[in-house]
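Per my numbering, the very first residue in the sequence shown carries number 115; after that it's consecutive. Only one structure is covered here, and it is reproduced in the block below.
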Amino acid sequence: MTLSTSTLAQSLTLDDCMRYAVEHSTAVNEKRLAADDSRSDYIESFGSFFPSISASVGGATNFGRSIDPATNNYTNVTTFSNSYSLSASMTLFDGLQNINTIRAAKVARSLGAMESEIASDETAMETMSAYMDVVYYKEAVEIARLHLESSQNTLQLTRQQYGLGLKSAADVAEIESQTANYEYLLLTEENNLDLAYIKLRETMNYPQDEELNIVTDIQLEPSINTHSKEELIEYSLLYNPRIAVAKQATEIKRLQLKRAQGAFIPSLYLYGGYNTNYFIDFDNKSAYDPFSTQFRNNRGAYIQLSLSIPIFTGLGRYSSYRKAKNAWRSAQFAQTATERAVESEVCETWQQMHNTKKLYQQGDKKVNAAQLVYDGATKKFEKGLISALELQTASTTLLQAKAERLKARLQHIIKQRMVDYYSGKPIIRE
């Protein structure tokens, strides 16, 4: 699915951004080209089962002493001759080297497609993280703006009360300091938002000089994933793309080892050919048969069966075998490491999904409580029952609670998406 111009002019959802990033990712396109090369290698590997056929045509003019092709005697005339040949060769058995080459190329073809899919998923995940940073800082800017407006209103009221003698200069100074802090915080969050947009455009490969509008109103979705942690790990070990790639890489090295072993086995080859020639004496053109007769009468053919027995080739085959065996063992170690890494990631993501949900629920309660405290502190401050410092403390507590709840909510959305991905659902939703 390609995003149209009209779609780009509107606000993009998270899935729109991830889809755009995958379509325009340099890394993904490079993997797709590599996958296409693997398909070409697979097709090429079948060529080893077909005969190798070649044809040749040659012509020569002799001056002076030469051999008469009819009598095989020396002659001293000017002659012209040309030859035609067709030859073919075919491997009948080579210790299964060609078969294992095809098998390895077939696995490599599948590996290339899987690596392309992984590159797409990784690009989508990176885009999701950058997208959520924009959402976070955009909401953080709004939170900072609301607190700044509230602090400005409080400052205006405090100055009025100071003029009436109800507040001291210290109270006014405290509120002015608080207002200045919120102004600084707002500028900081706006700068962070600008940087987050730059990072998102970079991740999406989106032009930096073009406006990018995204949907920032992301609500928590009800969790539909009912898999236990153990079921999720078991599924990932069977079907996770990274583990599948590691298994395929191991299989390729195993087949390459089999191919290296085949070099120690005798090989059987079949050869065949056909040839003919034509000869003319420029001084006596009637001395030899015409072209059609010579072409037919001078025909020759051969069939050859050759058995090649490897005895000693400077330890080259043994060295190749050892290297192939070490590469296979190394791939097995890499596969085990990948399985453990994916298992840890799945376990950690599943746990984080549940923890961030609890943190969000607790953060929601904390914001509600902090809001009540702040509202009460504002009324008490207006009546002169508390100091400006106490009001500032209540405001800061509310601000921190909102930021923590926002962070927990967005982190939970990310982890929920990742758990769905590990359970087999596509990272980009239609």
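All C-beta atoms in this analysis are idealised placements derived from N, C-alpha and C, irrespective of residue type, glycine included. These numbers were taken from a predicted model, which means no experiment stands behind them.
**Prompt:** I167: which of V255, Q370, S203 sits nearest, CA to CA?
**Reply:** Checked all of V255, Q370, S203; the closest Cα to I167 is S203.
**Asked** For the alpha helix (DSSP H) that contains Y385, what are its first and last residues?
**Response** Looking at the DSSP string, Y385 is not in any alpha helix (DSSP H); the run it does join, the beta strand (DSSP E), is 381-395.
**Assigned exposure category for R519 - 16 Cβ within 10 Å defines buried** = R519 is buried by the Cβ-count criterion.
**Prompt:** Any chance the region 151-164 sits against the region 237-248, with 3 or more Cβ pairs inside 8 Å?
**Reply:** The answer is no - the region 237-248 does not touch the region 151-164, with fewer than three Cβ pairs under 8 Å.
**Request:** Identify the continuous alpha helix (DSSP H) that holds I257 and give its terminal residues.
**Result:** Note, I257: alpha helix (DSSP H), 211-277.
**Prompt:** Skipping 5 residues on each side, what residues in its chain have a beta carbon closer than 6 Å to that of A438?
**Reply:** Hits under 6 Å: Q370, L371, A374.
**Asked** Among residues of its own chain, excluding the 5 on either side of F409, which ones have a beta-carbon nearer than 7 Å to its beta-carbon?
**Response** The beta carbon of F409 is closer than 7 Å to those of T390, Y392 in its chain, skipping five residues each way along the sequence.
**Prompt:** Between the C-alpha atoms of S118 and R133, what's the straight-line distance to the nearest angstrom?
**Reply:** Any reading at S118 must be qualified, since the residue scores a pLDDT of 48, below 50, and its modelled position is unreliable; the value itself is stated next. Cα-Cα distance, rounded: 12 Å.
**Limits of the beta strand (DSSP E) - the one that A628 falls within** = Beyond the ends of the chain as shown, which are 115 and 544, falls residue 628; an answer cannot be given.
**Prompt:** From which residue to which residue does the alpha helix (DSSP H) around V171 run?
**Reply:** From DSSP, V171 is part of no alpha helix (DSSP H) but of the beta strand (DSSP E) over 166-176.
**Asked** Three-state secondary structure (DSSP) at N354?
**Response** Here DSSP, grouped into helix, strand and coil, assigns N354 to coil.
**CB contact flag (V221, N354, <9 Å)** = No; because the gap between Cβ atoms is not below 9 Å, this pair is not in contact.
**Prompt:** Exposed or buried, N214, counting other C-beta atoms within 10 Å across all chains shown (16 or more means buried)?
**Reply:** It counts as buried.
**Prompt:** Would you report the Cα separation of I528 and T450, rounded to the nearest angstrom?
**Reply:** Their Cα atoms are separated by approximately 27 Å.
**Message:** Buried or exposed, going by whether 16 or more other CB atoms sit within 10 Å of the CB of L314?
**Reply:** Buried.
**Request:** Specify, as a first and last residue, the run of the beta strand (DSSP E) that L206 falls within.
**Result:** Here the beta strand (DSSP E) through L206 covers 193-207.
**Item:** Alpha carbon of K480 to alpha carbon of I541, nearest angstrom
**Value:** When the Cα atoms are used, K480 and I541 turn out to be separated by approximately 32 Å.
**Request:** Give me the Cα-Cα distance between T185 and G173, rounded to the nearest whole angstrom.
**Result:** Looking at the two C-alpha atoms, the distance is approximately 20 Å.
**Coarse secondary structure for T511, derived from DSSP in three states** = In the three-state reduction of the DSSP assignment, T511 falls in the helix class.
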